[in-house]
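Student: Residues -18 to -1, 1 to 113 in mature numbering (1 follows the signal peptide of the UniProt record, and there is no 0) are what the sequence shown lists, from first letter to last.
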Amino acid sequence: MKKIFVILPILAGILLLAGCQSDEENLNFYGSSDNWTAEIITEIIDGSEKNEIILKYNGDGAGTISKFNYLVENNSNNQSFGANDVSLKEDGTYTNANLASNSASTTKDDQIEVTIDWNDQTESIILKKKE
């Protein structure tokens, strides 16, 4: 009988810990063009989605870009996000990690397109899942 009282709390603790584990998945999408490199990191946790975008200007004269616009379109689920009049850091990068969605809709098979407008120029980049 004493064994049951010892084993029962241990089993209850294991079940409690197993129930607390979150369903988490990270998806990284990557692509580049003549002047830009783009990466989107999608973190899916318990049915929600958090996205981070990293853009890097690879061309000459990053200092000549005062402001630029970007648009991210997921062609698989018709979702998009973007920003206007954003600036590069001194190292030629832009990062935004505050992009969230209440429902996870991005999958590893999605094809994501990033369009960047700067200094009267436009480039589009197709991002694919980074292996």
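For glycine and all other residues, C-beta sits at the position ideal for the given N, C-alpha and C.
In this text the structure is predicted, and so the values were computed from the model without any measurement.
K112 and N10 - do their beta-carbons sit closer together than 8 Å?
Tutor: Yes; because the gap between Cβ atoms is below 8 Å, this pair is in contact.
Student: Please name the residue, chosen from N17, T19, E34, that lies closest to E25 on a Cα-to-Cα basis.
Tutor: Measuring from the Cα of E25, the nearest candidate turns out to be E34.
Student: Buried or exposed for E31, going by 16 or more other Cβ atoms inside 10 Å?
Tutor: With 16 or more Cβ atoms within 10 Å of its Cβ, E31 is classed as buried.
Student: Just to confirm, are G43 and L53 a CB contact at a threshold of 8 Å?
Tutor: Not a contact, by the Cβ cut-off of 8 Å.
Student: From the DSSP secondary-structure annotation, give me the bridge partner or partners of D99.
Tutor: Answer by DSSP bridge pairing, in chain order: N51, T104.
Student: In the DSSP output, which residue or residues are listed as bridge partners for K32?
Tutor: DSSP, once it has assigned bridges, lists E25, A82 as partnering K32.
Student: Beta-carbon within less than 7 Å of T19's beta-carbon, same chain only, minus the 5 sequence neighbours each way: which residues are those?
Tutor: If we look at T19 and ignore the five residues flanking it on each side, its Cβ neighbours are K38, N40.
Student: For the beta strand (DSSP E) holding N8, just list the boundary residues, first then last.
Tutor: Residues 6 to 14.
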